[in-house]
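Participant:
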Amino acid sequence: MVRKLAGLVATLLATSFVIFVASYAAPGDPVTFLAGGKENLTPEYLAAIRVQYHLDDPFLVQYGRWLGDAVTGDLGRSTQYNDQVGDLLLARLPSTLGLVAYSAVLFVVFGVALGVLAAVRGGRTDSAVVAGTTFATSVPPFVVATALISLFGVQLGWFPVMGGGSLWHLTLPAVTLALGALAIISRVTRQSMIEQRELDHVTVARASGLPERLIVVRHVFRGALGPIVTMCGLVTAGMLAGTVTVETAFGLNGIGSLLVNAINTHDFPVTQAVLLLMVTAYIAVTTLVEMAQPLIDPRVRRQA
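When you line the sequence shown up against mature numbering (1 follows the signal peptide of the UniProt record, and there is no 0), it's residues -25 to -1, 1 to 279, in that order.
(1) How about residue 221 and residue 157: are their beta carbons less than 8 Å apart?
(2) Would you mind giving the Cβ-Cβ distance between residue 63 and residue 56, rounded to the nearest angstrom? I have them listed as a contact below 8 Å.
(3) Anyone know if the C-beta pair for residue 227 and residue 261 falls short of 8 Å?
(4) For residue 246, which residues from the same chain have a beta carbon less than 8 Å from its beta carbon, with the 5 sequence-adjacent residues on both sides left out?
(5) In angstroms, rounded to a whole number, what distance separates the CA positions of residue 161 and residue 113?
(6) Less than 8 Å separating the beta-carbons of residue 195 and residue 171?
(7) So for residue 59, helix, strand or coil by DSSP?
(8) Express the C-alpha separation of residue 144 and residue 136 in angstroms, rounding to a whole number.
(9) Beta carbon of residue 77, beta carbon of residue 122: below 8 Å?
(10) According to the neighbour-count rule (16 or more other Cβ atoms, all chains shown, within 10 Å of its Cβ), is residue 86 buried or exposed?
(11) To test your reading of the DSSP string, which unbroken alpha helix (DSSP H) runs of 4 or more residues are found completely within the stretch 80 to 166?
(12) If the criterion is Cβ atoms closer than 8 Å, does the pair residue 155 and residue 116 meet it?
(13) From which residue to which residue does the alpha helix (DSSP H) around residue 202 run?
(14) Can you tell me the Cα-Cα spacing of residue 132 and residue 223, whole angstroms?
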C-alpha cells in the first residue's frame, strides 16, 4: 500500500512537471497577454508585470511556487476571467461530471449487453455486433456530434442541441461521448465471455445438465466480469479528456470547453489547472479500479 501510494505521488509530480514545462514552453510571451493591450506594451509596464507575477524568477523557482500553491488548493488567478481558477473549476465541474456519468451509464449498459449478445448468440449476431462496433470506433466524435445535431436536433427536433441543465439537454452529448466507449466495452465483454466458455469448469457445469442461461450468468459472465470492470473504469477515467470535443460541439459550459477557451486565450493558470485535474482524476479512478479487482475476481486475490 505504501509503495502504491508513493508511486501515485511520483506520477503526479512527474505529470505536474510536464504540464508546467509545456505551458512554460508554449509559443508567445505570457507577459504580453497580461499587459492587456498594445498601448500597455512599454518596457516599464512589462517589467512591472514580470515582478508582480514572479515571471522573472528562475524556472524551477516558478515551478516550485506553482506546485506548492496547487497542493494547498491555490490554483492561481485566471488572466481572462480575472477570477480564482478554483472557483472556475467548481462552477464548471458539475456539468462535466454529469455528462461523464450519463455517458458511462449508456456505454456500460449497452456495451455489456451487446458483448454478451454477440458471445452467446454467435453467427450473424456476432458478425453484426463486430461490424457495428468497428464502424463506431472509426467515426470521429465531432462527426458523430454533427450527425446527431442535424438529425435529432434540427430535422426531427427531438432534443435541444445547445446548452445544458437537464438530462434531456445532455442526451445527445452523452450519446456522442459514449459511442466509441460502447464499442470498446462490447468487444472486451465478447472476448472475455468467449474465453470463459472454453474453461473446464464451464464444460463441467454444462455436462452436469445445468440450463444454458444459468451457466452463462453464474459461470461465464461472472468469470468475465474482472476484465469488463477494469476496462469500464479505464474508459470512464479517460472520458474527462474526451469531453473537450463534445462540450465544444454542443456549447456546454464544462471543463472541456473551459480548457479550449484557456488555450485559445493563453490563459496559462487555467490550462495548467484543468490538465492537472484531468490527470489526477484519471489516476484516481484507475487506482480505485485496481483496488476493486480482488473484490470482483477471487483469482486476483489468490494470486496476490
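Don't be surprised by glycine CBs; every beta carbon is placed ideally from N, CA and C.
Facilitator: If we stick to the structure as given:
(1) On the sequence shown, position 246 is the one that residue 221 refers to. On the sequence shown, position 182 is the one that residue 157 refers to. Not a contact, by the Cβ cut-off of 8 Å.
(2) Indexing the sequence shown from 1 puts residue 63 at position 88. Indexing the sequence shown from 1 puts residue 56 at position 81. Between residue 56 and residue 63 the Cβ distance is about 6 Å, and since that is below 8 Å, they are a contact.
(3) For the purposes of this step, residue 227 is identified with residue 252 of the sequence shown, where counting begins at 1. For the purposes of this step, residue 261 is identified with residue 286 of the sequence shown, where counting begins at 1. Not a contact, by the Cβ cut-off of 8 Å.
(4) As a working mapping, residue 246 is identified with position 271 in the sequence shown. These residues qualify, in order along the chain: -3, 234, 237, 238.
(5) Taking the first residue of the sequence shown as position 1, residue 161 is located at position 186. Taking the first residue of the sequence shown as position 1, residue 113 is located at position 138. Going from the Cα of residue 161 to the Cα of residue 113 covers about 15 Å.
(6) By 1-based counting over the sequence shown, the position of residue 195 is 220. By 1-based counting over the sequence shown, the position of residue 171 is 196. Yes.
(7) Sequence index remark: in the sequence shown, residue 59 carries index 84 (1-based). Strand.
(8) Counting from one through the sequence shown, the residue named residue 136 turns up at place 161. Counting from one through the sequence shown, the residue named residue 144 turns up at place 169. For residue 136 and residue 144, the distance between alpha carbons rounds to 7 Å.
(9) Taking the first residue of the sequence shown as position 1, residue 77 is located at position 102. Taking the first residue of the sequence shown as position 1, residue 122 is located at position 147. No, they are not a contact pair.
(10) In the sequence shown, residue 86 corresponds to position 111, counting from 1. When all chains shown are included, residue 86 counts as buried.
(11) 98 to 113, 116 to 123
(12) Position 180 of the sequence shown holds residue 155. Position 141 of the sequence shown holds residue 116. A distance below 8 Å separates the beta carbons of residue 155 and residue 116.
(13) Looking up residue 202 in the sequence shown gives position 227. Note, residue 202: alpha helix (DSSP H), 197 to 225.
(14) Taking the first residue of the sequence shown as 1, we reach residue 132 at position 157. Taking the first residue of the sequence shown as 1, we reach residue 223 at position 248. Between residue 132 and residue 223, the C-alpha separation is close to 20 Å.
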